[in-house]
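Position one of the sequence shown corresponds to residue 3 (the working numbering), numbered consecutively onward. A virtual CB, placed ideally from N, CA and C, is assigned to each residue, including glycine.
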Amino acid sequence: MLDWLMAGTAWAMGTAQQGGGQAGADGGGGFGGLLSGPLPMLVLMFVIFYFLLIRPQQKKAKAHREMLANLRKGDNVLTSGGIYGKITGIDDQTVVVEIAPQVRVKMSRGSVSGVAGAPAQAPAKAEEKKK
3 MLDWLMAGTA
13 WAMGTAQQGG
23 GQAGADGGGG
33 FGGLLSGPLP
43 MLVLMFVIFY
53 FLLIRPQQKK
63 AKAHREMLAN
73 LRKGDNVLTS
83 GGIYGKITGI
93 DDQTVVVEIA
103 PQVRVKMSRG
113 SVSGVAGAPA
123 QAPAKAEEKK
133 K
């Protein structure tokens, strides 16, 4: 078994030495060797990871930051714990969310994972505009 593995290694070493010492002729040196090496594959792999993983994650984080900056009193929100509620108070770092009649929870602004729907007063304003 070991002879079989060594034979392949010896064959590969023998073909590299048959070039007669001409680095440019066998493609082992110079600019052609750089393009066929591992460096372009690493660069290509980084580019793929950037466009498939890093960039979409950055876009999602930016959208979440904008959503947190645009929170207003009266917005229906979904918390990261899965609780739906309505914002009754808001500060720079905290929000007060009413999760049931007369039940309010004060939480970090970052724990709001999304806006669940339109503000509670939006339908009333829409009816006023129709008149």
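By the Cβ neighbour-count rule, isoleucine 89 is buried, with 16 or more other Cβ atoms within 10 Å of its own. About 6 angstroms separates the beta carbons of valine 97 and valine 114, which is inside the 8 angstroms limit, making them a contact pair. Under the three-pair Cβ rule at 8 angstroms, the segment 40 to 49 does not count as touching the segment 64 to 84.
Leucine 80 sits in a strand when the DSSP states are folded into three classes.
For the pair of segments examined, the segment 46 to 60 was found not to touch the segment 94 to 109: the number of CB pairs separated by less than 8 angstroms stays below three.
For a cut-off of 8 angstroms, the C-beta gap from leucine 70 to glycine 112 is around 7 angstroms, short enough to register as a contact.
Methionine 109 is bridged by DSSP to Val97. Valine 99 is classed as buried because its beta carbon has at least 16 other beta carbons within 10 Å across all chains shown. Cβ-Cβ separation between glycine 87 and isoleucine 101: approximately 4 angstroms, consistent with a contact (criterion under 8 angstroms). Counting along the chain, isoleucine 89 sits inside the beta strand (DSSP E) bounded by residues 86 to 92.
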